[in-house]
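Comments concern the structure below.
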Amino acid sequence: MSDEFSRLREALKKVDFFYSLSMGYLDELIRALKKRKAAKGEELIKQGEIGDKFYLISTGEVSVYVKKGGFGSPKKVATLGPGDFFGEMALITDLPRAATVIAEEPSEFFVLYKRDFKKILMSNPKIAAIINDVLSKRRASNR
Ligand code: CMP
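When you line the sequence shown up against the numbering used here, it's residues -19 to 123, in that order.
As structure tokens, then:
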């Protein structure tokens, strides 16, 4: 096992909700995760687009902007940091992206494609419950 692999495994175990993944799933998760970097100001997700990726923040910070209706300007609804995730809504609801997400500083992410997100995370009842709970709160606060 490479050093990087074991470092990543230790890091992921510290993210509360990954803690309940069994070793087998954790290893599968690590193999499926892709790393991505973003520069300050970079747009990671655009509201209204079709989404196929889930993001877990490793380092840095992002802001979430929601624009309601056809006109009006986007409003900042949240700032997320290390250990937080985003991009779950479109993958779970099959609706277009509900917000625009922009890196506030140079940031690093672990990215999971929809298929792996469903197979590895949403098939674990504890993790699915946490993600669904966060999703409902976010949807409610955007109304
Ligand atoms: P998704 O709709 O796939 O893409 C935009 C993401 O922004 C969304 O998933 C959530 O992960 C995130 N998001 C939307 N609304 C909020 C909110 N009120 N607070 C935090 N994150 C949000």
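All C-beta atoms in this analysis are idealised placements derived from N, C-alpha and C, irrespective of residue type, glycine included.
Fair warning: this is a prediction, and the values are worked out from it, not measured in the lab.
From the DSSP output, which residues share a beta bridge with Thr39?
According to DSSP, which records beta bridges pairwise, Thr39 is partnered with Glu88.
Glu23 - DSSP class collapsed to helix/strand/coil:
The three-state secondary structure of Glu23, taken from DSSP, is strand.
Could you give the C-beta distance for Leu1 and Asn104, rounded to a whole number, given that I count them as a contact under 8 angstroms?
Between Asn104 and Leu1 the Cβ distance is about 6 angstroms, and since that is below 8 angstroms, they are a contact.
Whole-Å CB distance - Ala79 paired with Val57, under 8 angstroms assumed
With 8 angstroms as the limit, Ala79 and Val57 qualify as a contact, their Cβ atoms being about 7 angstroms apart.
C-alpha distance - Lys15 paired with Glu(-16), whole-angstrom precision:
If you take the alpha carbons of Lys15 and Glu(-16), they lie about 12 angstroms apart.
Is it the case that the CB of Ser121 approaches a heavy atom of the ligand CMP more closely than 7 angstroms?
Ser121 has its CB nearer than 7 angstroms to a heavy atom of the ligand CMP.
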